[in-house]
Amino acid sequence: MSRIGTLSRRGLLLGAGATAGYLAGRAWAPGLSQLDGVPRIGGDLMDPTRSTPALFLNDASELSATPIHVHSRPAAHGDALIEAFRTELSAARAEGRAVCVSAARHSMGGQSIPRDGHAITVDDAWIEPDTTAQTYRVNGGARWRDVIQALDPIGFSPAVMQSNHDFGVAATFSVNAHGWPVPYGPMGATVRNIRMVLPDGDVVTASRTENADLFNLAVGGYGLTGMIVDMEVDMAPNQRLAPAFTAMPAAEFPAAFRAAVDDPTKPMAYGRLNVTRETFFDEALLVTYSPTEDQSDIPPAVESGWLSYAASYLYRGQVGREGMKDWRWWMESSLGPRLAGESTRNSLMNEPVITLDDRDPTRVDILHEYFVPFDAFDGFLEACRDVIPDAFVEFLNVTLRFVDSDTDSLLPHSPTPRIAAVMSFTQEMTARAEADHARMTRALIDRIIGIGGTYYLPYRPHATLDQFTRAYPRAAEFAAAKRALDPQLTLRNNLWDAYLGEL
Ligand SMILES: Cc1cc2nc3c(=O)[nH]c(=O)nc-3n(C[C@H](O)[C@H](O)[C@H](O)COP(=O)(O)OP(=O)(O)OC[C@H]3O[C@@H](n4cnc5c(N)ncnc54)[C@H](O)[C@@H]3O)c2cc1C
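Right under this line is the structure:
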């Protein structure tokens, strides 16, 4: 059968399954609590304590509205970007205000917003590949879709990027995000050097051999060290890949995942767990991709398109409907494997974040992520079963990824090889939901720190200061180095204000 034929049959069946599930789901009334008469929070951009309306910025949480002084959006790279950074920096220093550079602001707790300060949003594609060195030089403000678009025609692909292509390259480095190609560490491990504007306006190059202390502070340093202008990053050959699916009891996942990660014929791998409350996290699905025999005429990268949009309706149908969670698990673990076809490394990573849009103004999706040592996975499953099903927020999805040890950052989420559990919750935009979400997050973080794991810093700032320092034991060292580099504390955001600045 031709590839087109396979695709349309697959699309038809998947579309039919998703539509049937969606219609069935609509027929079942969702078991959600009533919102009538309950005040909403978030998204309100007026500050009643000010006499004049202030300028506010929010992030993907829709719960971080923060007053700022000014917002600039330099569409620039190289010297022009350095100039734009220096202009904001000197104005802010003269006024005693904060500065923070951001890209897509998909962090979820004000980590990309300077309170009452100068906010800078960068977005400008400039990419220069070097096929001999297998690296590319890239503007810090470039988005991953720009990188894929530049590398795909020359047969290459980002070595590591996060799963959605809308995010900024320097932002990914600044949170030290990870992807799902294996057996890589976080994205910072694939960065050779960076150029950044320091808080005093100087431009430096930093790498593992030049200004290594600044490199270590900047990787996973949430923009508190310098404003990244550009960077040299590893790329990998693009490949045509075919998937394989293995369902198993959740307790067997770590051994199967480790074997897949160690298998050089499987360059991409991830896992999933079932999310129905009654059988929560009992079953796992391991998905791996291997190169096909024929690597000629690799097709151009495509976005996931309408199939992802169709799947997103099925995904949304889960909100308040346990039966739909079962349906989705069946689709993913039983129907999906029979329909899945070949793709390319670039197409698999070329996913826009819009497919995750919840289309519901009363709710918002909030992510969590935990980094669990392989031998502590049982404890992780137990902690999640104890804490999550009982919460007021609705749990929708978990994806399991591999992250190798991070030996660069002072704030490493993965000091040893980890299973990264990326979790998605949907919550009402109400004070009651926010309070219960904070309670649940703290309970989960306690349990996961107790088994030697860590939590991820770009999400809601619900951890206590004590939990933060237990998960990130070098945080005080980071804060002291930051104070020495930036005594006026010009580069600031809510990660500093809520946590590091307290140390
Ligand atoms: C839907 C979704 C999917 C996600 N998928 C993944 C994933 O697969 N893997 C993963 O690890 N994480 C993932 N995350 C987390 C994500 O990596 C971070 O939230 C990341 O920061 C988002 O990129 P951004 O462009 O929105 O960054 P922003 O939120 O704009 O910025 C993040 C940080 O980087 C700093 N920064 C940005 N640009 C610069 C610069 N030029 N110089 C210095 N500092 C800078 C900011 O100050 C801020 O502290 C996901 C988040 C969401 C919401």
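Numbering of the sequence shown is given in numbering that gives the first Met the number 0, commencing with residue 0 and proceeding in unit increments. Even for Gly, the Cβ is constructed at its ideal location relative to N, Cα and C.
R441 and D129 have their C-alpha atoms some 45 Å from each other. In the structure shown, I153 adopts helical secondary structure according to DSSP, grouped into three states. The beta carbon of I448 sits closer than 6 Å to those of R469, A470, all from its chain and outside the five residues before and after it, given in chain order. A check of alpha carbon separations from V232 across E292, G187, A268, D385 identifies G187 as the nearest. For R482, there is no enclosing beta strand (DSSP E); the residue is part of the alpha helix (DSSP H) that begins and ends at 474 to 484.
Within the stretch 192 to 261, the complete beta strand (DSSP E) segments of 3 residues or longer fall at 202 to 206, 226 to 236, 239 to 248, listed in chain order. Per DSSP, the unbroken beta strand (DSSP E) holding R136 starts and ends at 134 to 138.
Only residues of its own chain outside the window of five on either side were considered, and among them V274, T275, Q317 have a CB closer than 7 Å to the CB of K324, listed in chain order. Note on geometry: alpha-carbon atoms of S346 and V301 lie some 5 Å from one another. For I387, the distance from the CB to the nearest heavy atom of ligand 1 is not below 7 Å. Taken from the Cβ of N492, at least one heavy atom of ligand 1 lies inside 7 Å. One Cα belongs to G340, the other to F424, and the distance between them is close to 29 Å. Inside the stretch 287 to 366, DSSP marks whole alpha helix (DSSP H) runs of 4 or more residues at positions 305 to 315, 321 to 329, 335 to 338, 344 to 348, from first to last along the chain. As for any alpha helix (DSSP H) of minimum length 4 sitting wholly inside the stretch 401 to 427, there is none.
The alpha carbon of L62 has as its nearest neighbour, out of D496, A205, L150, E427, the alpha carbon of E427. Remark: the C-beta of M226 is in contact range of ligand 1, defined as less than 7 Å to any heavy atom. Between I450 and F279, the CB-CB gap reaches or exceeds 8 Å. For F391, the distance from the CB to the nearest heavy atom of ligand 1 is not below 7 Å. Ranked by Cα distance from V196, the first of T398, L502, L88 is L88.
Looking at the DSSP output, D129 shares a beta bridge with T134. Take the alpha-carbon of A478 and the one of A59: they are about 26 Å apart. Between D115 and H68, the gap from beta carbon to beta carbon is short of 8 Å. With a cutoff of 8 Å on beta-carbon distance, A158 and T204 are scored as not near each other. When the five nearest sequence neighbours on each side are left out, the beta carbons in the same chain lying within less than 8 Å of the beta carbon of P416 are those of P372, F373, F401, V402, D403, S404, in order along the chain. Separation of the CB atoms of G219 and N175 is rounded to 3 Å, and the pair is thereby assigned contact status at 8 Å. For the 8 Å CB-CB criterion, Y458 and E368 form a contact. Annotated as proximal: V397 and V421, with beta-carbon spacing under 8 Å. Rounded to the nearest whole angstrom, the C-alpha separation of Q161 and A53 is 34 Å.
With fewer than 16 other Cβ atoms inside 10 Å of its own Cβ, S295 counts as exposed.
The Cβ atoms of F391 and D435 sit closer than 8 Å to each other. At the C-beta level, D485 and P113 stay beyond 8 Å of one another. The shortest CA-to-CA distance from S173 to any of A93, C99, A243 is the one to C99. Here N396 carries a strand assignment [DSSP, helix/strand/coil]. With a threshold of 7 Å, the Cβ atom of F166 counts as near ligand 1, since some heavy atom of the ligand is closer than that. It is roughly 32 Å from the alpha-carbon of G30 to the alpha-carbon of T245. Rounded to whole angstroms, T224 and D496 show a C-alpha spacing of 15 Å.
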